[in-house]
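Read in order, the letters of the sequence shown correspond to residues 1 to 296 in the UniProt record's numbering. Ideal Cβ positions, reconstructed from N, Cα and C, are used throughout, including at glycine. Model, not experiment: these values are computed from the prediction.
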Amino acid sequence: MRVFWVGLKRGCNLDAAKPSVLARTHPATTVSWDDAFVEELKRALVACSVFCVFPIFWVCYGQTNSNLVSQAATMKTYGIPNDMMGCFNPIMVLTFLPTMEKVVYPTLRGFRLSFKPISRITAGFLVMACAIGYSAGIQDLIYRLPPCYEHPLSRYCSDGGRTPNDVSVFLQVPVYTMTALSEVLAYVAGMEYAYTKARKSMRSVVSALFSSPAHRGLNAGHHALTRSQKTPRSSRRLCLVTAVFVLARLGKYNKIEEKMNMLNSGDGESTSVNEDAQQTQIARSVRRCASSLEIR
């Protein structure tokens, strides 16, 4: 806390709290940390700033447990309960996890293409935005088809609410497929980012900060987007805003990825993440993600 206090007093500049800087500006001041410790704190703050955009992700993801279930009720389900379509999400997650880890990422590395965590997070947000846009297209299709058109399950045209519009519920499968892919890209990469960018003594705290937006985002999705999802046009706007915001907010951090990974930890060990170590960390994140899915 003293590091932050020193940086705050000197114009919100953590570099001013480095011992090398204090030796020039305040020679009489002695501190118990070194320059590397300040750099690691700055790196952890960068990670926390990335986490600030994840409520948007969970806002969109929350629609799979609310509005998509309501949407399925207005479609032909062929005897399948409308809330059972969500089962496709964990199935696709467990399919994509080993595929990305064992096939896609090694193939990209073979072509010397670095798919860094921020790039994966950005890609995950874009895929989620596409899923929301696709679900909006399904809603538009529902409104265009009989028997009730823009008033699905209206008692005057649906035999007392028993006849849905002529749209197959299996059109929702791509939505759950895309949300699963976005989880594998953004959520797993976010956990990796939280783990690798935090100092060893702070990893549990930074990881907790990463997980906390899930609750806020899901609540916001339930309360704020229930009305906006009623029209496809609102969902398309959400898709566009999400994609643009994520690209603008996260793109710059890829440029400093290697610099942050080359920092030294306080105990003298290098925190540079080589390919093998990085894959180990990704595997840990994958297991955590799978465990969280089992809990949900």
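Checklist entry - DSSP three-state call for S168: helix, strand or coil? => result Of the three classes helix, strand and coil, the one that applies to S168 here is strand, per DSSP.
Next on the checklist: I believe K197 touches A44 by the beta-carbon criterion, under 8 Å. Please report the beta-carbon distance rounded to the nearest angstrom.
Outcome noted: That pair is a contact at about 6 Å.
Item to check | alpha helix (DSSP H) segment containing W58, residue limits | outcome: Its alpha helix (DSSP H) spans residues 54–61.
Checklist entry - Taking the continuous alpha helix (DSSP H) assigned at D35, which residues delimit it? => result D35 -> alpha helix (DSSP H) spans 35–51.
Checklist entry - Just to confirm, are P146 and D159 a CB contact at a threshold of 8 Å? => result In this structure, D159 does not lie closer than 8 Å to P146 by Cβ.
Checklist entry - Roughly how far, in whole angstroms, is the beta-carbon of R120 from the beta-carbon of L185, given that I think they are within contact range, below 8 Å? => result That belief holds up - the Cβ atoms of R120 and L185 are roughly 5 Å apart, short of 8 Å.
Checklist entry - To the nearest whole angstrom, what separates the beta carbons of F245 and I56, a pair I think is in contact under 8 Å? => result Confirmed, Cβ separation roughly 7 Å.
Checklist entry - How many Å lie between V21 and V59 at the Cα? => result Their backbone Cα atoms lie some 43 Å apart in a straight line.
Checklist entry - Going by Cα to Cα distance, which pick from T29, V241, T74, V175 is closest to residue 297? => result Here the chain has residues from 1 to 296 only, and residue 297 is not among them.
Next on the checklist: If you measure between the beta carbons of M178 and A208, is that distance less than 8 Å?
Outcome noted: Contact check for M178 against A208 fails: the beta carbons are separated by 8 Å or more.
Checklist entry - For F54, does the count of other Cβ atoms within 10 angstroms reach 16, so buried, or fall short, so exposed? => result Residue environment analysis places F54 among the buried positions, since at least 16 neighbouring C-beta atoms fall within 10 angstroms of its C-beta.
Checklist entry - Buried or exposed: which applies to K18, given that a residue is buried once 16 or more other Cβ atoms fall within 10 Å of its Cβ? => result Buried, since its Cβ has 16 or more Cβ neighbours within 10 Å.
Next on the checklist: Tell me the rounded alpha-carbon separation between E294 and C148.
Outcome noted: Its pLDDT being 44, under 50, E294 is placed unreliably by the model, and the measurement read from it follows with that caveat. Rounded to whole angstroms, the separation of the alpha carbons of C148 and E294 is 38 Å.
Item to check | Proximity to V188 [Cα-Cα], best of M202, W33, P98, D83 | outcome: Comparing C-alpha distances from V188 to each of M202, W33, P98, D83 shows the shortest one belongs to P98.
Checklist entry - Assuming G124 contacts S182 under a Cβ cut-off of 8 Å, what Cβ separation, rounded to an integer in Å, is found between them? => result Yes, G124 and S182 are in contact; Cβ-Cβ is about 4 Å, under 8 Å.
Checklist entry - Starting from P98 and walking both ways along the alpha helix (DSSP H), at which residues does that stretch end? => result In this chain, the alpha helix (DSSP H) harbouring P98 covers 88–99.
Item to check | Minimum C-alpha distance to A36 - residue among F51, L14, R24 | outcome: A36 has its Cα closest to that of L14, out of F51, L14, R24.
Checklist entry - Going by the CB atoms, is the gap between M92 and V169 shorter than 8 Å? => result Their beta carbons are not under 8 Å apart, which means V169 does not touch M92 by this criterion.
Checklist entry - Under a three-way DSSP split, which group does K76 fall into? => result Here K76 carries a strand assignment [DSSP, helix/strand/coil].
Item to check | Start-to-end residues for the alpha helix (DSSP H) that takes in F125 | outcome: Per DSSP, F125 belongs to the alpha helix (DSSP H) from 117–144.
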